[in-house]
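Heads up: the structure comes next, in structure tokens.
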Amino acid sequence: MNSPLIHRTCEQIAALPFPGALRSRVEARWAGLTKPVGSLGQLEEAGTRYACIRNSAEPHLETKAVYVFCADHGVVAEGVSRYPQSVTMEMMRNFVRGGAAINVLCQMHGVEAVIVDMGAAGEKVEDVLDCRLANGTANFARTAAMPRVLAASAVETGIELAKEAAGRFDIVGLGEMGIGNSTAAAALLAAFAGLSGREVAGRGTGLDETGVERKARVIDAALALHRPRPEDPLGVLAALGGLEIAAIAGFLLGAAAHRLPVMLDGFISCAGAVVARAFCPDVMRACLFSHESAEMAHRRMLAFLEARPLLALDLRLGEGTGAVLGMHLVETGIRLLTGMATFDSAGVSRADSASP
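Numbered according to this note's numbering, the sequence shown terminates at residue 778, and the numbering increases by one at each position without gaps.
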């Protein structure tokens, strides 16, 4: 693994107890509330999962944030995006000004937006959290996206940010911004799941069929060039990944180690979960999945992660937009779990348990 911090964090996650007894207590609470058993559907499961991550049968959820990790990708030189690389920096400025979709959703739902520059190309943006490690990655169709030590540093940065966030927030959503990053995410899925470029390449920012075919060929060429080995997640990340995806993977590891629930957004942020799970399978215990995006391979990625998302709204914007909506549903589940009356306290008769 070649990173003491990553290794220690994975050991910490593996050592955490996630007792089934707590889940049973929460499920018993749901069963005792004034409603038919299971009638609140996924809201009940979302609330139960949150309670188990927090290790509390009576959890609270007040403080919320979304971390938007930003970085550039050298693979845009292969024509895999309809937008120029400069849009990454332009959108970072838009985030700071409050003009993006994620800003509107955060304002609606009482979520703090934390914009993190992991490796955007260009002048640094004021009021953005400066964690820049490089001015983007190299073109992984021609060479490794980044040196192994740089990939490790990006993961470690995510771990440290999660540690800090665990002291400030009850739940965090993860989003991203980076022109070309759907190609990196697709390549990572292909590498870890043993898939071809055609099976993972999607429209991203709106490619036509010709563009999708080009993207698939770029991914296949990169896989042939680097021959990534899934048992070496840091090597795969260095060969094909992005600095923001690496930081998301690290954030997930750090969050799991500190019992901080994390709501993932769409295809690119879930690629961070693919990487994090390769480092430590137990990291999935702290992950919540907001939605199935319209990106072609996201359903395949969710199946690979054995994840069930809360929503399917045909979103494919990124930025953490789906994550904010998902956090609202988790908060709804917690409010119902802790705020509803029980049959006994309300004097309401339970369903007849006798057979008809």
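Glycine included, every Cβ here is placed at the ideal spot set by N, Cα and C.
Taking C-alpha positions only, Ala671 is separated from Ala698 by approximately 5 Å. Annotated three-state conformation of Tyr505 is coil, per DSSP.
In the DSSP assignment, Ala768 falls within the unbroken alpha helix (DSSP H) covering Phe765 to Ala768.
A contact between stretches requires three or more CB pairs, one per stretch, nearer than 8 Å, and the segment 595-604 meets this requirement with the segment 484-502. Annotated three-state conformation of Gly600 is coil, per DSSP. Counting along the chain, Cys709 sits inside the beta strand (DSSP E) bounded by residues Cys709 to Phe711.
Non-local beta-carbon contacts of Leu759 in its own chain, meaning distances under 6 Å to residues more than five positions away in sequence, involve Gly469 in chain order. Taking C-alpha positions only, Ala644 is separated from Glu484 by approximately 44 Å.
Boundaries cannot be given for Phe440, as no beta strand (DSSP E) includes it and DSSP labels it neither H nor E. If you check the CB distance, Leu727 and Val696 come in under 9 Å. Glu598 sits close to Ile667, with the two beta carbons spaced by under 9 Å.
Burial check for Ala734: the Cβ neighbour count within 10 Å stays below 16, so the residue is exposed. Between Leu438 and Ala679, the CB-CB gap stays under 9 Å. Secondary structure note for Met723: it is in no beta strand (DSSP E), and the uninterrupted alpha helix (DSSP H) holding it is His720 to Leu727. The shortest CA-to-CA distance from Gly624 to any of Gly616, Arg636 and Ala566 is the one to Arg636.
For Met718 and Asp766, the gap between their C-alpha atoms comes out near 48 Å. Using a C-beta cut-off of 8 Å, the segment 463-478 makes contact with the segment 747-761, since at least three inter-stretch Cβ pairs fall below that distance. Counting every other CB atom within 10 Å of its CB across the protein chains shown gives Pro506 a total below 16, marking it as exposed. The way I'd put it, the segment 733-752 does touch the segment 704-718; three or more beta-carbon pairs between them come closer than 8 Å. Counting C-beta atoms within 10 angstroms of its own C-beta, Val459 has fewer than 16 neighbours from the protein chains shown and is therefore classed as exposed.
DSSP places Leu465 within a helical segment (H, G or I) once states are collapsed to three.
Take the alpha-carbon of Leu455 and the one of Ala725: they are about 32 Å apart. Rounded to the nearest whole angstrom, the CA to CA distance from Gly657 to Ser575 is 13 Å. Straight-line measurement puts the Cα of Ala473 at about 6 Å from the Cα of Pro481. Boundaries of the alpha helix (DSSP H) harbouring Val746: Thr743 to Gly761, taken from the DSSP string. Apart from the 5 residues on each side of it in sequence, Lys546 sits with its Cβ closer than 8 Å to the Cβ of Asp539, Asp552 and Arg554 in its chain, given in chain order. Less than 9 Å separates the beta-carbon of Val684 from that of Gly595. When secondary structure is reduced to three states using DSSP, Met511 falls in the helix class. Taken through DSSP and simplified to helix, strand or coil, Phe562 comes out as coil.
With a threshold of 16 other beta carbon atoms within 10 Å, Thr431 meets it and is buried.
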